[in-house]
Every structure is written in C-alpha cells, then in structure tokens.
Amino acid sequence: MTNRVKARNSAAPSASVTVREFRTADREWVAAANIRHYTELEGFDASFARAVDSALDMLVAGRNDEGSKFLIAERKDVSAPAGCIFFSAETPEIGRIRLFYLEEALRGRGVGKHMLDQIRDHACRHAFKSIRVSTFDRHEAACHLYRIAGFRGIERDSAVAFGQNMRQIDFELDLTGQGDA
117 MTNRVKARNS
127 AAPSASVTVR
137 EFRTADREWV
147 AAANIRHYTE
157 LEGFDASFAR
167 AVDSALDMLV
177 AGRNDEGSKF
187 LIAERKDVSA
197 PAGCIFFSAE
207 TPEIGRIRLF
217 YLEEALRGRG
227 VGKHMLDQIR
237 DHACRHAFKS
247 IRVSTFDRHE
257 AACHLYRIAG
267 FRGIERDSAV
277 AFGQNMRQID
287 FELDLTGQGD
297 A
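Mapping to the numbering used here: the sequence shown position 31 is 147, numbers consecutive.
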C-alpha cells in the first residue's frame with residue numbers, strides 16, 4: 117500500500133463515531149434505516165423496500181467473498197448503527213458500492229468520506245481497477261462526495277424509479293495507478 121493510501125486512513129471521522137465491520141444482526145437496522153429514509157423523506161414507493169431486501173440478500177450471500185467489504189458507522193454514545201456502506205465485486209476487476217447511507221446527524225462531518233476512503237483502500241488492496249456506484253441527481257450531497265473523491269459521473273435520461281421521476285447518475289472511480297491496484 118502506498119503512503120498516500122495510508123495517510124487517508126490516519127484520521128478518525130469523529131470522536132463520537134466508530135466504523136466497524138457489518139454483523140449479521142445489523143441487517144435489520146440497515147433495511148429499516150434505508151426504507152424509512154427513502155420512503156418517508158424521499159417519497160419512494162413500496163418497490164424500494166423490495167429492492168433493499170433483494171440487495172441485502174445478494175450482499176449477505178456473498179459476504180465472505182474476499183473482495184467484499186461491509187461497514188457500519190456506529191454512534192459511540194448509544195452503541196447504535198448510524199450509517200452503512202456495502203462493497204462487492206461486480207466483476208473480478210470492478211467493484212460496486214451499494215446501500216451507502218448515513219443518518220442526517222452524521223452528514224457533513226467526514227464520516228461518509230472516511231467510510232468511502234476505507235472502501236477505496238480495500239478495493240486497491242484487492243486489485244480492483246474501478247469502483248462503481250449509482251445514485252440519483254436529487255441526492256446532491258452524495259453526488260458531491262463522489263465527485264470530490266474523484267468519481268466521474270454519467271447522467272442517464274430521466275425515468276421513473278421507485279415511483280419518482282428522477283435522473284440516475286452512474287459514478288465510476290478509476291483505481292489504476294492508486295494504491296496496490
């Protein structure tokens with residue numbers, strides 16, 4: 117691993133938050149937090165809950181794959197999950213981030229960037245050549261985070277997803293020349 121990669125991991129995101137590996141018991145929180153946020157605040161329909169459950173089924177089934185990395189941000193004051201990010205292989209050279217979520221109280225405090233940096237470092241150590249993630253243009257903070265992290269975005273045409281008319285943005289980060297990739 118290069119010094120640049122090591123330096124990225126040197127700072128903790130916040131004294132009140134720790135980032136740890138996903139545990140099977142976290143699945144219920146991950147599903148509930150994502151579904152609650154996106155249905156109550158974003159207006160997504162019931163198809164979103166089915167998509168989250170399907171994604172978690174697929175991710176948990178591949179949890180022991182060497183290239184997978186699932187992280188939970190946990191608030192130390194209440195020992196409760198407050199964020200998650202899941203990374204798994206899409207192909208042997210391309211990894212994908214799914215279900216990246218942070219509670220509002222943790223946004224803008226470096227926690228999401230720290231989690232994203234851990235995924236990038238993991239991907240480099242496991243020789244992935246790129247990382248992909250998809251989101252919607254209405255998720256401005258997420259789009260901003262991906263762009264400042266070096267991801268390039270490609271916007272799709274507007275379409276209805278989860279009962280909402282939105283424009284999907286597919287981001288990709290080229291890892292060639294970074295870390296051990």
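Ideal Cβ positions, reconstructed from N, Cα and C, are used throughout, including at glycine.
Determine, using beta carbons only, whether residue i and residue j come nearer to each other than 8 Å.
| i | j | result |
| --- | --- | --- |
| ASP264 | ILE285 | According to the sequence as given, residue 264 is Ile; it is not Asp. In this structure, ILE285 does not lie closer than 8 Å to ILE264 by Cβ. |
| LYS298 | ILE210 | As displayed, the chain neither begins before 117 nor continues past 297, which places residue 298 out of reach and without an answer. |
| GLN234 | PHE160 | no |
| VAL168 | ARG143 | no |
| ALA165 | ILE151 | yes |
| GLU252 | MET231 | Before going on, a small fix: residue 252 reads as Phe here, not Glu. Taking 8 Å as the Cβ cut-off, PHE252 and MET231 do not qualify as a contacting pair. |
| VAL146 | CYS200 | yes |
| ASP173 | SER204 | no |
| ARG268 | GLU288 | yes |
| ALA198 | VAL135 | no |
Which partner residues of residue i appear in the DSSP bridge assignment?
| i | result |
| --- | --- |
| PRO197 | GLU190 |
| ILE72 | The shown model of the chain, from 117 to 297, leaves out residue 72, and the question about it has no answer. |
| SER204 | ARG212 |
| ASP290 | SER246 |
From the options, pick the residue whose C-alpha is nearest to that of residue i; which is it?
| i | options | result |
| --- | --- | --- |
| THR292 | ALA149, GLU206, ARG143 and ILE247 | ILE247 |
| THR207 | LEU157, ALA243, ASP193 and PHE287 | ALA243 |
| ARG223 | ARG136, LEU261, GLY178 and ASN150 | LEU261 |
| HIS238 | THR251, ILE213 and VAL227 | ILE213 |
| ALA258 | ALA275, ASP273, ARG241 and LEU215 | LEU215 |
| TYR154 | GLY266, ARG254, MET174 and PHE267 | ARG254 |
| SER163 | VAL194, GLN294, VAL276 and ASP290 | VAL276 |
| GLY183 | CYS240, ALA131, ALA196 and PHE278 | CYS240 |
When the Cβ atoms of the segment 189–198 are set against those of the segment 217–229, are three or more pairs found closer than 8 Å? Verdict: yes, contact present.
Pick out the complete alpha helix (DSSP H) segments inside the segment 216–280, 4 residues or longer, and give them in chain order. 227–241 and 256–264, all fully within the segment 216–280.
Extract the residue ranges of the alpha helix (DSSP H) inside the segment 127–179, only unbroken runs of 4 or more that lie entirely within it. 143–152 and 163–177
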